[in-house]
DNA sequence: TCATCCAGTTAACAACTGTTCTCCGTAATT
DNA sequence: AATTACGGAGAACAGTTGTTAACTGGATGA
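Protein chains in written order, with the working numbering: chain W, 1 to 207; chain G, 1 to 207.
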């Protein structure tokens, strides 16, 4: 099934990835709407016109970055939600989020920044992918015996609440990335308690 | 106490406000980090250099916009949280948020966009102001008999949860602003149930 | 009334932007 | 071995950007 790529296509993928990486780096200090095509190609060390061989515009590149960023988030979310949420498992979930932020800080920053950013197609792409994630989380929640008697749309409501909370928490960890361990611990405690409160709400939702 | 301003200072404030308004308008389709000083002055109909009489840079203007935007949010939040959260009062709170988004859509968009945006001083300003809001909400929550036996930091944790939830909800209403009434109703239902779930969590937090 | 102040103007600067067109070298195909 | 396909380079385009400097004219305060 795996078709061997020619030298040419391999090289193309390589520079394409270099463009994505460079863009992600530059986006740590600005928003996508101010990212210039020349800026990106300069960082890669390639001619400005080469950009067009890969992307129609920086907005197009942004959409590609959404796929990449949420691809890395995907397994993390599955792991986080899959077991039921006893207190100790919530703690483990928060640690998982913290670890993910440490592993892919630029991806997390990009998503937080562009989710409400100034480039419409990118916002749309993020919204779409997050909706798919919420559906996935919902399916995972449905397996849980605690979800007996829950309406379908209430499950989805809860799933969105969890997903949003994960993003808020990720963003907090990101801001505290360079901060002293004490501050990071404070964030951990805050996120853990908020998750717990939501879980308490879940357990007492009906009756 | 109110010192009468001279004709000169009045005019200055007027063009300053015109710059802020023009910037807010332009920011509906881009992020602050791509907002040009010339772009703003052009929209106002004033020379580019006049900008410097009011702001050091567009980042500086952004910080001023934060004050303005959160100034309008301030009374809304007070009204939203002040009474205890029985089910019908939550519905009223959600309606209040929806109304605020309709009244100040540009302010809401600006906050959502720049909270995690590419301009550090603006992020900092928003973070600061939101922290103050959370403190205020906490004080309001503390008055509630339901908060008996709650630890101080747990109250602040809950306050942050409410504030974040308000921003998420505001952003949802903003996206659905041009959508059919059916979609807006869907958002209302979602936000109401999420608020309720959090409140259920609150009621069952201890014991 | 007269000197001072100061918000806003005009002009000019080098540096940068996205985009087009033409060209090159080499991998891929025949 | 000959031909085509194509990722990338190079140069040039008009238009934009932030910032500096010197200037104007009307409100301000003595």
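For every residue, glycine included, the Cβ atom is placed at its ideal position computed from N, Cα and C.
Just so you know, these numbers come straight off a predicted model, no measurement behind them.
Looking at residue j and residue i, is the spacing between their C-beta atoms short of 8 Å?
i	j	result
residue 135(W)	residue 202(W)	no
residue 65(W)	residue 110(W)	yes
residue 23(W)	residue 119(W)	no
residue 169(W)	residue 97(W)	yes
residue 33(G)	residue 149(G)	no
residue 51(W)	residue 40(W)	yes
residue 69(W)	residue 107(W)	yes
residue 162(G)	residue 187(G)	no
residue 158(G)	residue 142(G)	no
residue 90(W)	residue 195(W)	yes
residue 73(G)	residue 19(G)	no
residue 176(W)	residue 184(W)	yes
residue 54(W)	residue 16(W)	yes
May I ask you to report which of helix, strand or coil DSSP gives residue i?
i	result
residue 87(W)	helix
residue 176(W)	coil
residue 115(G)	coil
residue 56(G)	coil
residue 36(W)	coil
residue 61(G)	helix
residue 183(G)	helix
residue 192(G)	helix
residue 27(G)	coil
residue 5(W)	coil
residue 149(G)	coil
residue 144(W)	coil
residue 43(W)	helix
I want to verify the contact list: residues of chain W whose CB lies under 7 Å from the CB of residue i, in sequence order.
i	result
residue 201(G)	197, 198, 200, 201
residue 157(G)	190, 193, 194
residue 61(G)	Within 7 Å Cβ-Cβ: nothing; residue 61(G) doesn't reach chain W, min ~15 Å.
Just to make sure I have the definition right: I need the residues of chain W whose C-beta is within less than 8 Å of the C-beta of residue i. Which are they?
i	result
residue 205(G)	197, 200
residue 171(G)	116
residue 24(G)	Within chain W, no residue comes near residue 24(G); the closest Cβ sits about 13 Å away, beyond 8 Å.
residue 5(G)	None at all; the shortest Cβ gap to chain W is about 36 Å.
residue 130(G)	Those within 8 Å of residue 130(G) in chain W number zero; the least Cβ separation is about 12 Å.
residue 70(G)	Under the 8 Å cutoff, chain W gives no residues; its nearest Cβ is about 16 Å from residue 70(G).
Name, please, each residue of chain G whose Cβ falls closer than 8 Å to the Cβ of residue i.
i	result
residue 154(W)	193
residue 118(W)	27, 29, 30, 31, 34, 113
Check the Cβ of residue i against every Cβ in chain G and list those closer than 9 Å, keeping chain order.
i	result
residue 164(W)	164, 165, 168, 194
residue 19(W)	Those within 9 Å of residue 19(W) in chain G number zero; the least Cβ separation is about 19 Å.
Residues of chain G with a CB under 7 Å from the CB of residue i: which are they?
i	result
residue 95(W)	In chain order: nothing, as chain G lies at least about 18 Å away.
residue 141(W)	Within 7 Å Cβ-Cβ: nothing; residue 141(W) doesn't reach chain G, min ~13 Å.
If the cut is a Cβ gap below 9 Å, which residues of chain W does residue i touch?
i	result
residue 65(G)	By Cβ distance, chain W contributes nothing, its closest Cβ being about 14 Å from residue 65(G), past 9 Å.
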